[in-house]
Structures are given as C-alpha cells and as structure tokens.
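Here the structure is laid out as structure tokens; the discussion comes afterwards.
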C-alpha cells in the first residue's frame, strides 16, 4: 500500500525543518562569519525547505551540517 502524499512530504521536510530550528537557535559566534553568515544560512535553509521535495535541498542540508554543525562539535579542530 502506498503511503499518502502528505505523509511523504512531511517525512521529506522534517530534516530541513530541524536544521532551520537549529540554525535559528545557534548564537552568531557558532558561524565562521558571525551574524552575516548566520543570516545567509537562514536564507539558504529556506531555499532548502522549498527544494527538499525534489531532493535538491538535501545538498544544502549536508553543507549546513559540515560547515556549521561539525565545526562546533566537541573534539573538532577550529
């Protein structure tokens, strides 16, 4: 049985929404460029939320993970 389309869309959008919430709650000093870099990532994540249903937005999410989240992980070189 095929799942309903609304459930598939919610499942695809969930990681992008979590990344957006993470970005909104991080302080500006967690971003390499400070507040302007944070603003740019918020804009990119809005684009990712729109493009996730066609699977292009996941590339932006991977970029956010490697540039922001891994940079601030314990034990990562800064």
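Numbering (our numbering), first residue to last: 3 to 80. Virtual Cβ for every residue (Gly too), placed ideally from N, Cα, C. These numbers come from a predicted model, not from an experiment.
Report all residues from its chain with a CB closer than 6 Å to the CB of residue i; omit the five preceding and five following residues, and keep chain order.
i	result
residue 15	54
residue 50	18, 59, 62, 63
residue 4	none
Closer than 8 Å by C-beta to residue i: which residues in its own chain qualify, once you throw out the five before and the five after it? Chain order, please.
i	result
residue 17	54, 60, 63
residue 33	39, 40, 43, 70
Give the single residue among the options whose Cα lies nearest to the Cα of residue i.
i	options	result
residue 10	56, 46, 30, 47	56
residue 23	76, 36, 66	66
residue 45	26, 6, 73, 3	26
residue 36	12, 69, 7, 8	69
residue 71	28, 38, 12, 42	28
How many whole angstroms separate the CB atoms of residue i and residue j, which I take to be in contact at a CB cut-off of 8 Å?
i	j	result
residue 21	residue 47	6 Å
Indicate, with yes or no, if the ligand ATP has a heavy atom lying under 8 Å from the CB of residue i.
i	result
residue 50	By its list of ligands, the structure shown contains no ligand whatsoever, and the ligand ATP lies outside what it can speak to.
Report all residues from its chain with a CB closer than 7 Å to the CB of residue i; omit the five preceding and five following residues, and keep chain order.
i	result
residue 30	36, 37, 40
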